[in-house]
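Undergrad: The structure is given below, and queries will be raised subsequently.
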Amino acid sequence: MEDCLSKKVEITVSEAEKRTGRNAMNMQETYTAYLIETRAVESQNEGQCSPVDSLWRRYSEFELLRNYLLVTFPHIVVPPLPEKRADFVWHKLSADNMDPDFVERRRIGLENFLLRVASHPVLCQDNIFYSFLTQEGGWKEMVNETGFQLKADSRLKALNATFRVKNPDKRFTELKHYSDELQSVISHLLRVRARVADRLYGVYKVHGNYGRVFSEWSAIEKEMGDGLQSAGHHMDVYAASIDDILEEEEHYADQLKEYLFYAEALRAVCRKHELMQYDLEMAAQDLTSKKQQCEELATGTVRTFSLKGMTSKLFGQENPEQREAKIKVLEEQIQEGEEQLKSKNLEGRDFVKSAWADIERFKEQKNHDLKEALISYAVMQISMCKKGIQVWTNAKECFSKM
Amino acid sequence: QDASLVEANSFSPSLPTSPSSMINQYKFEEEPELRDLFITVDDPESHITAIETFITYRVVTKTSRSEFDSSEYEVRRRYQDFLWLKGKLEEAHPTLIIPPLPEKFIMKGMVERFNDEFIETRRKALHKFLNRIADHPTLTFNEDFKIFLTAQAWELSSHKKQGPGLLSRMGQTVRAVASSVRGGVKNRPEMFTEMNDYMETFSQKINVLDKIAHRIYKEEREYFNEMKEYGPIHTLWSASEEDIADSLKGVASCIDKCCKATEKRMAGLSENLLPVIHEYVLYSEILMGVLKRRDLIQGELDSKVDALASKRAEKDVITEEIGKLEDKVECANNALKADWERWKQNMQYDMRAAFTNVAENNLHYYEE
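Protein chains in written order, with full-length UniProt numbering: chain A, 1 to 402; chain B, 1 to 368.
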């Protein structure tokens with residue numbers, strides 16, 4: 001935490017620009033590029049204006065960076081990217097990736113992602129991440145050269161492990177349940193919030209119709225005319241105010257979304273643990289069966305059914321030399337296996353220890369961020385009510401003058 | 001004819017009709033201590049006979065007027081009876097603005113004719129109807145009105161059977177339609193043309209307002225429905241959390257409070273603004289009818305004047321008839337003019353009150 005990149009370097013994603021180019025299949029495509037600016041903090045403290053380094057990156061490069069981090073640091077809860085496609089949209093919000101509001105919110109989300117990585121004690125020290133921020137050309141090649149894609153665990157393997165593992169660490173099992181619950185409750189909340197926003201939009205906007213009718217009606221009234229006309233103006237103000245209110249709420253929704261996606265990152269760590277644990281259990285099982293085989297060959301007793309045993313019974317026993325050779329091979333394998341098991345055990349314990357440390361760090365961050373988000377939501381609601389009070393106080397005054 | 005002459009005297013053009021004095025006169029009528037007729041409509045009851053099912057409402061009258069034999073009356077009336085009363089009032093005072101009755105049927109979304117909401121809305125409107133008549137300086141002394149408030153069921157039935165029958169009333173309606181088909185009246189005083197133009201625009205605007213107000217109510221109800229689901233999600237979430245559980249529960253309870261506030265706001269709309277606007281939608285139809293009836297009366301005069309021009313022989317007879325008709329027209333015009341001013345004052349007051357109420361409800365909503 002003390003040596004985090006974020007303390008030394010100021011990072012911003014300051015602009016977004018539409019670009020056209022040719023994709024891998026030589027077809028024309030339109031995409032958005034984001035400008036990443038970095039500036040050293042220290043020289044600012046000395047009162048000097050330090051130079052700004054900048055380069056452009058597109059969303060797919062961010063994705064590549066994150067995938068690299070996921071594979072390279074499987075024990076870390078890797079911060080999530082803002083959503084690929086607009087989800088949880090309500091009526092007025094566009095689902096179009098090119099929509100300026102969506103691009104703006106994505107820009108903020110990408111900046112947030114970089115800041116999260118830069119302030120993570122482990123992740124911020126990674127070279128690839130540093131190059132992402134500073135080296136425009138050749139970065140993609142650099143990442144691919146690390147060969148991280150080969151290290152990635154296959155989905156199938158992970159799934160298999162999840163079902164077959166016998167003794168995962170109970171804390172991870174609980175964590176997995178928690179992340180499932182978190183994901184389900186936040187996505188439900190976001191869905192309903194979008195519907196509530198839609199309805200609220202409707203209520204406010206219909207009041208705008210009052211404005212027009214009041215104005216037309218005031219034309220035929222002598223005494224009521226002024227009151228009606230000015231009241232109508234306030235109804236227009238009321239109807240227009242909802243746009244800003246709901247835009248602010250979108251930022252709140254984005255904060256919740258980040259933790260919705262964080263739940264997936266949590267699950268990734270749990271999956272890694274299950275995989276390692278399963279690996280360990282398989283290795284132990286393998287070792288045990290080899291030891292047994294060895295014993296059987298040495299003593300000539302068949303305690304458990306084995307195909308080899310059957311065939312040798314049917315087709316005749318091996319001669320003593322063959323048996324000795326087999327035993328030797330098995331003993332070597334057993335030795336290897338025991339060493340492997342020891343290192344796997346160590347690996348597993350190290351993983352659990354470091355993963356759990358990061359999980360604790362994450363929990364604190366999550367509690368802090370969510371509490372602040374809830375508070376800011378409440379503040380937003382209060383501000384909305386204050387605006388409402390102001391408009392309706394004015395309207396009431398106009399009505400009473402009718 | 002004599003009754004309408006009496007009308008003219010109470011509203012002769014020499015009385016000041018400036019807005020401020022009219023307001024004072026209106027306020028005078030509204031002072032509770034100076035009111036001497038109090039009417040309530042309540043207690044709807046269902047009656048099932050072999051032929052039909054219908055609802056009766058209890059009408060309670062308390063009065064200190066000497067014309068009334070007693071100071072308290074309690075009768076039961078059904079919708080048909082109210083319709084009869086309105087018809088009689090229109091007959092007796094063709095150019096006065098008789099308050100609207102709730103509609104016979106509501107087309108939109110009616111599943112059952114006698115569901116509770118429908119009955120309650122109707123009851124409130126009937127209550128308003130009778131009170132508006134009671135507050136009207138002329139209508140309040142109408143004989144049929146008195147009978148309506150005081151007669152027992154059988155008395156009312158036998159009274160209803162007297163007087164001009166259905167056929168004569170139909171005749172009037174036919175003539176009215178015929179005259180309106182013939183086109184606008186040629187000698188219509190400017191004032192009434194202005195009234196006509198005003199009513200056309202007013203009618204348009206009030207109908208649009210009716211739609212807007214209903215739409216707002218609908219949107220608020222949908223918002224309320226979504227909010228009902230929104231709060232509990234936070235409570236559910238708090239069950240998986242430790243540190244932030246209290247914050248989440250806090251948000252949940254706030255959302256629930258907002259829900260209740262929304263309910264109150266909706267109730268305010270449906271109890272105050274919506275019925276008022278609806279009443280004035282009906283009023284705009286009534287006023288168009290009143291203006292047509294005035295035109296009709298004037299039309300009678302005009303056709304007699306034309307007849308005079310062509311038939312020299314019966315000059316005296318026609319001249320006498322014209323004299324009477326001229327009086328009739330003058331009375332009708334004055335009655336309408338005065339009642340119009342009164343109606344406009346009421347409308348202004350009602351609209352101001354209704355919309356101020358809406359503003360207050362919204363203030364309370366946001367404060368909560």
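Yeah, the Cβ is synthetic: ideal placement off N, Cα and C, and Gly gets one too.
List, in order along the chain, the chain B residues whose C-beta lies closer than 8 angstroms to that of residue 193 of chain A?
TA: Chain-order list of chain B residues neighbouring residue 193 of chain A: 230, by C-beta distance under 8 angstroms.
Undergrad: By DSSP, does residue 277 of chain B sit in helix, in strand, or in coil?
TA: helix
Undergrad: For the stretch 203 to 224 of chain A, which residues have a CB atom closer than 7 angstroms to at least one CB atom of chain B, in sequence order?
TA: 203, 206, 207, 209, 210, 213, 216, 217, 220, 223 and 224
Undergrad: Got a sec, what are the start and stop residues for the beta strand (DSSP E) residue 62 of chain B sits in?
TA: 53 to 63
Undergrad: Starting from the N-terminal side, write out each stretch of the beta strand (DSSP E) that is 3 residues or longer and does not extend beyond the stretch 215 to 278 of chain A.
TA: Those beta strand (DSSP E) runs which fall completely within the stretch 215 to 278 of chain A and span 3+ residues do not exist here.
Undergrad: How far does the beta strand (DSSP E) with residue 41 of chain B in it reach, from first residue to last?
TA: 37 to 48
Undergrad: What runs of the alpha helix (DSSP H), each 4 residues or longer, lie entirely inside the stretch 260 to 348 of chain B?
TA: 274 to 310
Undergrad: For the alpha helix (DSSP H) that residue 333 of chain A lies in, which residues bound it at each end?
TA: 320 to 400
Undergrad: Shorter than 8 angstroms from the beta carbon of residue 367 of chain B to some beta carbon of chain E?
TA: No chain E appears in this structure, whose protein chains are A and B.
Undergrad: Which residue or residues does DSSP assign as beta-bridge partners of residue 55 of chain A?
TA: A/36
Undergrad: Quick one: using the 10 Å Cβ neighbour count with 16 as the cut-off for buried, is residue 80 of chain A buried or exposed?
TA: Buried.
Undergrad: Going along the chain, which unbroken runs of the alpha helix (DSSP H) with 4 or more residues stay wholly within the stretch 100 to 137 of chain A?
TA: 100 to 118 and 127 to 134
Undergrad: Is any beta-carbon of chain A found at less than 8 angstroms from that of residue 247 of chain B?
TA: yes
Undergrad: Can you give me, in chain order, the residues of the UniProt domain "PX" (12 to 140) of chain A that have a beta carbon less than 8 angstroms from any beta carbon in chain B?
TA: none
Undergrad: Which residues of chain B have a Cβ atom closer than 7 angstroms to the Cβ of residue 199 of chain A, listed in chain order?
TA: 219, 222, 223 and 226
Undergrad: Can you grab the Cα-Cα spacing for the pair residue 35 of chain A / residue 383 of chain A, in whole Å?
TA: 33 angstroms
Undergrad: Could you pull out every residue in the same chain whose Cβ sits closer than 8 angstroms to the Cβ of residue 418 of chain A, ignoring the five residues on either side in sequence?
TA: The structure shown does not extend to residue 418 of chain A, since chain A is modelled only from 1 to 402, so the question has no answer here.
Undergrad: Could you check which residue in A/273, A/74, A/294 and A/37 has the C-alpha nearest to that of residue 175 of chain A?
TA: A/273
Undergrad: Look at residue 294 of chain B and residue 261 of chain B and say whether their C-beta atoms are less than 8 angstroms apart.
TA: Taking 8 angstroms as the Cβ cut-off, residue 294 of chain B and residue 261 of chain B do not qualify as a contacting pair.
Undergrad: Tell me the residue span of the beta strand (DSSP E) that contains residue 16 of chain A.
TA: 9 to 22
Undergrad: From residue 314 of chain B to residue 308 of chain B, what distance separates their C-alpha atoms?
TA: 8 angstroms
Undergrad: Considering residue 77 of chain A, what are the terminal residues of the beta strand (DSSP E) in which it resides?
TA: Residue 77 of chain A -> no beta strand (DSSP E), and no H or E assigned at all.
Undergrad: Just grab the DSSP bridge partners of residue 31 of chain A for me.
TA: A/19
Undergrad: Can you find a CB in chain A that lies within less than 8 angstroms of the CB of residue 57 of chain B?
TA: no
Undergrad: So which residues of chain B does residue 388 of chain A contact, with C-beta pairs closer than 7 angstroms?
TA: 362 and 366
Undergrad: Over the uninterrupted alpha helix (DSSP H) stretch that includes residue 155 of chain A, give me the two end residues.
TA: 155 to 164
Undergrad: Helix, strand or coil: how does DSSP classify residue 352 of chain B here?
TA: helix
Undergrad: How about residue 29 of chain B: is its C-beta nearer than 8 angstroms to some C-beta of chain A?
TA: Below a pLDDT of 50, predicted positions are generally treated as unreliable, and residue 29 of chain B, at 43, falls in that range; the measurement from the model is reported next regardless. Not an interface residue.
Undergrad: According to DSSP, is residue 41 of chain A helix, strand or coil?
TA: coil
Undergrad: According to the neighbour-count rule (16 or more other Cβ atoms, all chains shown, within 10 Å of its Cβ), is residue 27 of chain B buried or exposed?
TA: At residue 27 of chain B, the pLDDT of 41 sits below 50, so the modelled position is not reliable and the matter cannot be decided from this model.
Undergrad: Here's the rule I'm using: 16 or more other beta-carbon atoms within 10 Å means buried, otherwise exposed. How should residue 232 of chain A be labelled?
TA: buried
Undergrad: So residue 351 of chain B contacts chain A; which residues on that side make the cut at Cβ distance below 9 angstroms?
TA: 224, 228, 399 and 402
Undergrad: Taking residue 85 of chain A as part of the alpha helix (DSSP H), name the residues at either end of that continuous run.
TA: First-last for residue 85 of chain A: undefined, no H or E at that position.
Undergrad: Return the first residue and the last residue of the beta strand (DSSP E) that residue 74 of chain B is part of.
TA: It spans 72 to 78 - the beta strand (DSSP E) in which residue 74 of chain B sits, taken as one unbroken run.
Undergrad: Looking at the C-beta of residue 80 of chain B, does it have a partner C-beta in chain A at a distance below 8 angstroms?
TA: no
Undergrad: Please state whether DSSP places residue 103 of chain B in a helix, a strand or coil.
TA: In the structure shown, residue 103 of chain B adopts coil according to DSSP, grouped into three states.
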